[in-house]
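To keep things clear, I will list the structure first and then write my remarks on it.
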Amino acid sequence: MSRLLCLSRGLIGTQCKFSVQKSEPFASLLISRVKFRDQLMKRLISTGRRPVITPDNNRHPVLWLFGIGTGFVLALGLKYRDSASERCECIAPKTHRAQTASKYTAAIETSRDLLQRIQDEVGAPGMVIGVSVDGSHVWCEGVGYSDLENRVPCGPDTVMRIASISKPLTAAAVARLWEDGKIDLDAPVQKYVPEFPQKRYEGEGVTITPRMLLSHLSGIRHYEKDGKKVREDREKAKRLLKPPEKKEEKSSEENKEKPKAEDSSAKSKEAKGGLRKKEFEQEEYYLKDNFENVIQALDLFKDDLLIFKPGSTFLYSTHAYTLLSAVVERAAGQRFLDHMMKMFQELGMLNTVPDENDPIIYNRSRFYHFNKKGRVVNCPYVDNSYKWAGGGFLSTVGDLLVFGNALLYSYQMAGLKNTDGLLPGFLKPHTAKAVWAPVDKTDASWDKDGLYAQGWLVVEKRQKYGQCRSRRHYVSHTGGAVGASSVLLVLPSESGHTANQMQLPPQGVVVTIITNMQSVGLNTTALKIAQEFDKARDEETAST
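Those letters in the sequence shown? Residues 1 to 544, by the UniProt record's numbering.
As structure tokens, then:
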């Protein structure tokens with residue numbers, strides 16, 4: 001017993017700063033037990049009497065109680081030891097991560113405030129952010145709740161819908177197949193998917209290619225089925241940019257026209273603000289039917305008329321990516337989801353899975369929206385099997401950072417003259433550059449400075465005037481789904497991919513934010529946060 005008590009503190013306290021501090025109460029209990037034992041033994045020895053052992057009383061009562069108490073303390077301490085070791089914060093990689101994060105303390109504080117602002121503005125129940133600098137994860141944090149009803153807080157492991165960030169994932173799969181010679185980006189899609197009918201536009205036969213699908217130039221509709229309405233809305237948007245008509249000379253007529261002008265102005269502002277809201281009123285967002293495969297999902301739109309002539313006009317389309325997933329499936333020779341899961345495994349994105357309703361997916365968030373009274377309510381049940389490629393995956397911020405850095409590494413490998421000793425990128429350098437190359441006739445709603453590329457928005461570096469705004473090169477993609485919004489943004493370092501071999505890729509900042517509230521614009525916030533960490537990175541580099 002004496003030897004066991006001497007070893008007790010070593011058993012309870014693991015080699016960890018966390019457990020040593022927290023095990024002090026148990027250690028003090030053991031020390032008090034030892035002192036009590038010593039006092040008891042001294043009293044027995046000083047009386048010169050030995051305890052009388054009888055059949056009815058084979059142990060001294062005090063010693064008996066002492067043994068029971070010591071056993072209880074030891075059991076409690078050993079139980080705590082196991083839980084403390086699980087929460088140990090002194091493992092080497094985490095220590096290194098903490099040291100790296102300490103360099104960005106100011107950036108984290110500023111960014112946390114930016115995140116809190118957007119959460120407060122939109123009333124999002126929960127948000128999770130992840131930031132990496134030069135390939136190292138420096139900040140992952142959740143705010144609010146992933147499950148309001150059960151008060152489950154958001155954390156780095158929270159799994160949410162990533163919505164249209166699924167498109168860059170699909171584009172990466174297409175790029176790999178193109179590298180392997182399995183996809184011809186300029187061939188008609190019917191080469192791979194004969195189930196998709198030959199299309200005509202205004203009586204003329206037209207060709208849709210995988211390259212057009214990647215850049216939303218196919219003319220295939222999005223969720224709005226009425227092509228005439230889509231074209232009219234496009235024309236209205238253009239007319240709003242034109243100068244107003246010349247005013248009448250008569251003041252009385254001016255006064256008559258003024259209320260109308262104000263009314264139309266108010267309507268245009270309202271339309272602009274309610275664009276996302278109208279989009280989420282589209283019935284196809286709330287489909288509950290399950291589609292067994294991507295070929296079956298084509299039935300939703302394959303017989304509909306094209307909105308625009310392929311190759312002529314940018315029209316963002318999730319259905320176009322469903323057709324692209326069918327191309328991937330046939331080119332890869334395996335089910336689209338199986339092919340994507342294999343790619344995620346290769347990337348190390350082990351928490352990225354299809355948004356299926358039946359499987360148990362640990363740490364999966366609940367999803368929310370506002371009702372007509374402005375209250376947060378649960379989103380309705382939906383089945384996203386009709387749009388795996390364009391908006392059907394779940395993920396974590398950690399996985400999205402891995403993906404962003406994998407592409408940044410591949411992209412920056414093209415700028416290195418000597419790559420001896422470096423592992424190849426997930427994509428070949430020329431492929432990565434092609435994926436992030438802006439395409440003519442495209443645009444994107446979340447940053448008018450950019451053009452769409454192949455599954456990504458690309459903003460190129462530009463400064464038009466001296467001492468004025470200097471635009472940084474970055475790429476991003478946002479997402480919006482039922483009960484979810486997201487962004488993944490990559491800000492390459494301006495000095496990271498040069499001939500200087502001391503700066504190995506990836507060099508730059510990757511930011512991702514996911515939330516369980518729909519209709520939340522996150523790109524501007526992500527860009528501000530990326531710039532904060534980029535500035536801190538440059539200051540750290542300058543000081544060393």
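Even glycine gets a Cβ: it sits at the ideal position worked out from N, Cα and C.
> For G421, which of H430, P505, L489 has the nearest alpha-carbon?
Replying inline: Answer by Cα proximity: P505.
- prompt: Taking the alpha-carbon positions, what's the G466 to R472 distance?
  reply: Taken atom to atom, the span from the alpha-carbon of G466 to that of R472 is near 15 Å.
Output needed for L185: all residues of its chain with C-beta closer than 7 Å, excluding positions within five of it in sequence on either side, in chain order. For L185, where only same-chain residues beyond five positions count, the Cβ hits under 7 Å are W178, T209, P210, R211.
Quick one: what's got a C-beta closer than 7 Å to D289's C-beta in the same chain, skipping five residues either side? Same-chain partners within the cutoff: D383.
When you compare the CB positions of L347 and F393, do they come within less than 8 Å of one another, or not?
Not closer than 8 Å, so no.
Euclidean distance between Cα positions of M127 and G205: M127 and G205: Cα-Cα distance of roughly 47 Å.
> Relative to the C-alpha of D440, which residue among V377, L451, H430, I361 is closest?
Replying inline: Checked all of V377, L451, H430, I361; the closest Cα to D440 is L451.
| 8 Å Cβ cutoff, M127 in contact with chain B | In the displayed structure, chain B is absent; only one protein chain is listed.
* Asked: Near K528, what residues of its chain come up, given a Cβ to Cβ distance below 7 Å and the 5 sequence neighbours on each side ignored?
  -> Hits under 7 Å: L114.
Local conformation of F336 per DSSP, three classes
The answer is helix: DSSP assigns F336 an H, G or I state.
* Asked: Roughly how many angstroms lie between the CA atoms of H369 and K417, to the nearest whole one?
  -> If I take the Cα positions, the gap works out to 50 Å.
Which residue wins for smallest C-alpha separation from E283, given the options V509, P492, P380, F291? Closest option to E283, Cα to Cα, is P380.
* Compare the beta carbon distance of V159 and R364 with 8 Å and say whether it is the shorter of the two. => Yes, they are a contact pair.
**Prompt:** Does the Cβ of L337 have 16 or more other Cβ atoms within 10 Å, making it buried, or fewer, making it exposed?
**Reply:** It is buried - the Cβ of L337 has at least 16 other Cβ atoms within 10 Å.
- Taking the alpha helix (DSSP H) that D113 falls in, what are its first and last residues? Note, D113: alpha helix (DSSP H), 105-122.
### Beta-carbon contacts of I45 that lie in its chain and below 7 Å, excluding the five residues immediately before and after
Its pLDDT being 48, under 50, I45 is placed unreliably in this model, and the value from its coordinates should be taken loosely. Hits under 7 Å: none found.
Q) What are the boundary residues of the beta strand (DSSP E) that D299 is part of? A) For D299, no beta strand (DSSP E) encloses it, and the DSSP letter there is neither H nor E.
Every unbroken alpha helix (DSSP H) within the region 371-411, with a cutoff of 4 residues, ordered by chain: Whole alpha helix (DSSP H) segments, 4+ residues: 388-391.
Proximity of T478 and K387 at Cβ, strictly below 8 Å
With contacts defined as CB atoms closer than 8 Å, T478 and K387 fail to qualify as a contacting pair.
Next on the checklist: Based on DSSP bridge pairs, tell me the residues matched to K132.
Outcome noted: The amino acid occupying residue 132 in the given sequence is Ser; Lys does not appear at that position. Partner(s): H137, V510.
Specify whether the region 339-358 and the region 397-412 touch according to this definition: at least 3 beta carbon pairs, one from each stretch, less than 8 Å apart. Cβ pair count under 8 Å is three or more, so yes.
Straight-line gap, A163 to A434 (C-alpha atoms, nearest Å): Rounded to the nearest angstrom, the two C-alpha atoms are 24 Å apart.
Report yes if the CB atom of I183 is closer than 8 Å to the CB atom of A331, and no otherwise. Pairing I183 with A331 gives a Cβ-Cβ distance under 8 Å.
_Tell me the residue span of the alpha helix (DSSP H) that contains P210._
Counting along the chain, the alpha helix (DSSP H) containing P210 begins and ends at 210-214.
Taking all protein chains shown into account, do 16 or more other C-beta atoms lie within 10 angstroms of the C-beta of Q334, making it buried, or fewer, making it exposed? Per the 10 Å Cβ criterion, exposed.
Exercise. Who does H369 pair with in a DSSP beta bridge?
Worked result: BP columns for H369 point to V377.
Tell me the residue span of the alpha helix (DSSP H) that contains S543. Note, S543: alpha helix (DSSP H), 523-543.
Exercise. Is V509 near A542, with beta carbons less than 8 Å apart?
Worked result: No, Cβ-Cβ distance for V509 and A542 is not below 8 Å.
Pick from I129, V174, N150: whose alpha carbon is nearest that of G142? Here the closest residue by C-alpha is I129.
**Asked** Buried or exposed: which applies to V487, given that a residue is buried once 16 or more other Cβ atoms fall within 10 Å of its Cβ?
**Response** By the neighbour-count criterion, in which 16 or more other beta carbons inside 10 Å mark a residue as buried, V487 falls on the buried side.
*Kindly indicate which residue of V458, E292, A526 has the alpha-carbon position closest to the one of residue 591.*
Outside the modelled stretch of the chain, which goes from 1 to 544, sits residue 591, for which no answer is possible.
Whose C-alpha, out of L213, H339, A171, is nearest the C-alpha of A187? Scanning L213, H339, A171 for the CA closest to the CA of A187 turns up L213.
### Message
On the criterion of 16 or more Cβ atoms from any shown chain inside 10 Å, does S485 qualify as buried, or is it exposed?
### Response
Classification for S485: buried.
Under three-state DSSP, which class holds V327? Shown here, V327 sits in a helix according to DSSP, grouped into three states.
Can you tell me which of the three DSSP states H319 falls into?
In this structure, H319 counts as helix in the three-state DSSP scheme.
| field | Nearest-angstrom beta carbon gap, V189 and V327 [assumed within contact, 8 Å] | value | V327 to V189, Cβ: 6 Å. Contact.
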